[in-house]
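Okay, structure first, notes after.
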Amino acid sequence: MNLRLAFMEQMFDSDRDAVPGDSIVRGMRNLVTIHLAAGHLIRFWQPDLAFWESQRWRAIAMCAACLMCIVLRNTKWQRWTLAVALPIQLIQVYGVFPMVANHLWIETLLLVVLLMLGESEEENVLFRQFACGLAFVVFFYSGLQKLWYGTYFDGQYMATKIALVDHYYDFFAIFIPVDKLDALKSHVPIQAGSGPFRIDSFVFIVFVNLVWITEIAAGVLLFFRRTRLIGLFFGLLVMFGIELVAREVFFGILFVSMMMAFVRFNVLRWLTPVLACMYAFLVCVHFRVPGFPEFVFYP
Amino acid sequence: MRIEQKKNTLSWLLLAILVWPLFHHVAVVTLDIDKWSFLGFSMYITKRPIYVYSPQDIRLFDNDGRPLPVSSLDLEQYRELGQLIKLFERERATYGGLYRQDRFAHQALAALPQIGRFSFGFSELRMNRTTAVFEGTRWLYVARREGQGGNVESSLQGQPIKHAASHAMP
Numbered sequence: 695m696n697l698r699l700a701f702m703e704q705m706f707d708s709d710r711d712a713v714p715g716d717s718i719v720r721g722m723r724n725l726v727t728i729h730l731a732a733g734h735l736i737r738f739w740q741p742d743l744a745f746w747e748s749q750r751w752r753a754i755a756m757c758a759a760c761l762m763c764i765v766l767r768n769t770k771w772q773r774w775t776l777a778v779a780l781p782i783q784l785i786q787v788y789g790v791f792p793m794v795a796n797h798l799w800i801e802t803l804l805l806v807v808l809l810m811l812g813e814s815e816e817e818n819v820l821f822r823q824f825a826c827g828l829a830f831v832v833f834f835y836s837g838l839q840k841l842w843y844g845t846y847f848d849g850q851y852m853a854t855k856i857a858l859v860d861h862y863y864d865f866f867a868i869f870i871p872v873d874k875l876d877a878l879k880s881h882v883p884i885q886a887g888s889g890p891f892r893i894d895s896f897v898f899i900v901f902v903n904l905v906w907i908t909e910i911a912a913g914v915l916l917f918f919r920r921t922r923l924i925g926l927f928f929g930l931l932v933m934f935g936i937e938l939v940a941r942e943v944f945f946g947i948l949f950v951s952m953m954m955a956f957v958r959f960n961v962l963r964w965l966t967p968v969l970a971c972m973y974a975f976l977v978c979v980h981f982r983v984p985g986f987p988e989f990v991f992y993p
Numbered sequence: 033m034r035i036e037q038k039k040n041t042l043s044w045l046l047l048a049i050l051v052w053p054l055f056h057h058v059a060v061v062t063l064d065i066d067k068w069s070f071l072g073f074s075m076y077i078t079k080r081p082i083y084v085y086s087p088q089d090i091r092l093f094d095n096d097g098r099p100l101p102v103s104s105l106d107l108e109q110y111r112e113l114g115q116l117i118k119l120f121e122r123e124r125a126t127y128g129g130l131y132r133q134d135r136f137a138h139q140a141l142a143a144l145p146q147i148g149r150f151s152f153g154f155s156e157l158r159m160n161r162t163t164a165v166f167e168g169t170r171w172l173y174v175a176r177r178e179g180q181g182g183n184v185e186s187s188l189q190g191q192p193i194k195h196a197a198s199h200a201m202p
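This is the structure:
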């Protein structure tokens, strides 16, 4: 067996881990289109502009693709609703290329792969292998690159975020003395000579370094079949921690769903309605629907 | 597509995703490309460079080398030049060493046919990883037409900012 296929089998063993009657492909199609529709609504529904000046058509088209995907969820036509979503997504990628961060790539890759795959048992296994491999790469390299650049050792990067972004400040104010955080704020607006962006706090240094350590650890634990269950719990915990601070909730939801490919039963069957409600909630928060709380998050 | 072909395609795709971050890291270190771009996994590691848009010190000269005031540009040309400068800064930060600054000179001079030479300054702030202090560079970009064949020439020179005053982030 060559190395490529061995890697896929390592991430999800087709003989030992295959789920009878698996339908993760159908579940992920629903979830990815809900994710994209909610994201497009937030990014491109511009109520202040006239229809022809705004990009609203993109949000409408993506929502239409999402609705079709859900309505046709038990038919052979569900797959082809992704063919409607894909060009709209590619327009988004083209619009920002090459400044395409991995979040956008990952949702696009999932879309392409889900369009490529059918609903047979073998193809469900293939999807699980791909999703598990992708989850490993994201965790492992996110941590490794932080280690390579070294801007977490003394907390330099996080200190900059605390100084510039209020919700980072609010989070760290829970366990770091406020005067230390205010000292960072005094370096803003940033100019030549601003800094140093450091906090003299053992707790802070430990917390910040735990980010890359736990990311690498989650990746490694997920790689081996024997430690996968611990890796899964650990990974979910890491994601929860990251979302508490960074609030990139949309990607967090998608990534957690992708991690469900490690689980040997169809979690998405009951998880999708819950996650769909979370997306709907976030869309309402974004559009400041009366009765919904106000908080910052990133689609 | 048969199942074996799909398996092959996905395994190649996964392999590419697996090795790409290594190449990306090398490109970031050697070519200074943006850590957040090109399917980078180096997000949340350093702040992107901060560009200080004002003051830009735009200086214009006609085809005979005489200085022209910025007000000699019509509104459309002025707006286009401003947009091109922002695009220049963004693309320069994204492509790093791969960026071809002559392309910007071609675009800008094509939009300003009455101009033979122009220059502008901008400041860039980057965090020094070791000291955790932001360091600034004041850059001067100069573009000029060369001869009659539509050739252009450009140069970019930078100097460290010693005095912090008036270089605050907008």
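Quick note, the sequences are listed as chains A and B, same order. So the first sequence is numbered by my numbering: it starts at 695 and just counts up by one. So the second sequence is numbered by my numbering: it starts at 33 and just counts up by one. All C-beta atoms, glycine included, are put in the ideal place defined by N, C-alpha and C.
**Request:** Could you tell me if B/V51 is buried or exposed, where buried requires 16 or more neighbouring beta carbons within 10 angstroms of its beta carbon?
**Result:** The residue is exposed, with fewer than 16 neighbouring Cβ atoms inside 10 Å.
**Asked** For B/P53, which beta-bridge partners are listed by DSSP?
**Response** None; B/P53 has no bridge partner.
**Item:** Complete beta strand (DSSP E) runs within the region 96-180 of chain B (minimum length 3 residues, chain order)
**Value:** 147-159 and 166-178
**Prompt:** At a CB-CB cut-off below 8 Å, which residues of chain A make contact with B/T163?
**Reply:** G889 and P890
**Request:** Examine chain A for any beta-carbon lying closer than 7 Å to the beta-carbon of B/T62, and answer yes or no.
**Result:** no
**Request:** Give, in chain order, every residue of the region 786-803 of chain A whose Cβ lies closer than 7 Å to some Cβ of chain B.
**Result:** Within the region 786-803 of chain A, the residues whose Cβ lies closer than 7 Å to some Cβ of chain B are P792, M793, V794, A795, N796 and W799, listed in chain order.
**Cβ-based neighbour list, B/V102, same chain, cut-off 6 Å, excluding 5 preceding and 5 following** = I90
**Prompt:** What number of angstroms, rounded off, separates the C-alpha of B/R124 from the C-alpha of B/Y76?
**Reply:** Within the model, the alpha-carbon separation for B/R124 versus B/Y76 is close to 20 Å.
**Prompt:** A/Q704 touches chain B at which residues, Cβ-Cβ below 9 Å?
**Reply:** Here the premise fails: no neighbours, minimum Cβ distance about 11 Å.
**Request:** Please check if any C-beta of chain A sits within less than 7 Å of the C-beta of B/M201.
**Result:** Caution applies to B/M201, whose pLDDT of 47 falls short of 50 and renders its modelled position unreliable; the model cannot decide the point.
**Asked** Would you say A/L776 and A/L805 are within 7 Å of each other, going by their C-beta atoms?
**Response** It is a contact, given that the beta carbons lie within the stated cut-off.
**Asked** Do the CB positions of A/H729 and A/L948 come within less than 7 Å of each other?
**Response** In this structure, the beta-carbon distance from A/H729 to A/L948 falls below 7 Å.
**Request:** On a CA-only basis, which of A/C760, A/S814, A/G913 and A/P871 is nearest A/A970? Give me that one, please.
**Result:** A/C760
**Message:** For A/V979, which residues in the same chain have their Cβ closer than 8 Å to its Cβ, ignoring the five residues on either side in sequence?
**Reply:** F986, P987, E988, F989 and F991
**Request:** Check the Cβ-Cβ distances between B/I77 and every residue of chain A, and say whether any is below 7 Å.
**Result:** yes
**Asked** When Cβ atoms are compared, which residues of the region 807-841 of chain A fall closer than 8 Å to chain B?
**Response** V807, M810, L811, S814, E816, E817, L820, Q823, F824, G827, L828, V831, V832, Y835, S836, L838, Q839 and K840
**Cβ shell of B/A137 (< 6 Å), same chain only, five flanking positions each side left out** = A175, V184 and S186
**Short Cβ contact (7 Å threshold) for A/M722 with A/L808** = yes
**Request:** Thinking A/M762 and A/H734 are a contact (beta carbons under 8 Å), I'd like their distance in whole angstroms, please.
**Result:** That belief does not hold up - the Cβ atoms of A/M762 and A/H734 are roughly 15 Å apart, past 8 Å.
**Prompt:** So is A/T854 in contact with chain B if we call contact Cβ pairs under 7 Å?
**Reply:** yes
**Proximity below 7 Å, CB of B/S155 to CB of B/R170** = yes
**Item:** 7 Å Cβ cut-off: residues of chain A touching B/I193
**Value:** A886
**Contact check, A/F959 vs A/R922, beta carbons under 7 Å** = no
**Request:** Assign B/E178 to one of two classes, buried (16 or more other C-beta atoms within 10 Å of its C-beta) or exposed (fewer than that).
**Result:** exposed
**Request:** Would you kindly check if the distance between the Cβ of A/S895 and the Cβ of A/I870 is under 7 Å?
**Result:** yes
**Span separating the alpha-carbon of A/L877 from that of A/F934** = The amino acid at residue 877 of chain A is misidentified as Leu; the sequence shows Ala. A direct Cα-Cα distance of roughly 28 Å separates A/A877 from A/F934.
**Asked** Within the 7 Å Cβ cut-off, does B/L46 reach chain A?
**Response** yes
**Contacting residues, own chain, Cβ-Cβ under 6 Å from B/K38 (five flanking each side not counted)** = none
**Prompt:** If we count Cβ pairs, one from each stretch, closer than 8 Å, do we get three or more for the region 766-775 of chain A versus the region 39-46 of chain B?
**Reply:** no
**Prompt:** Ordered along the chain, which non-local residues of its own chain (more than five positions away) have a Cβ less than 6 Å from that of A/K840?
**Reply:** Y846 and W906
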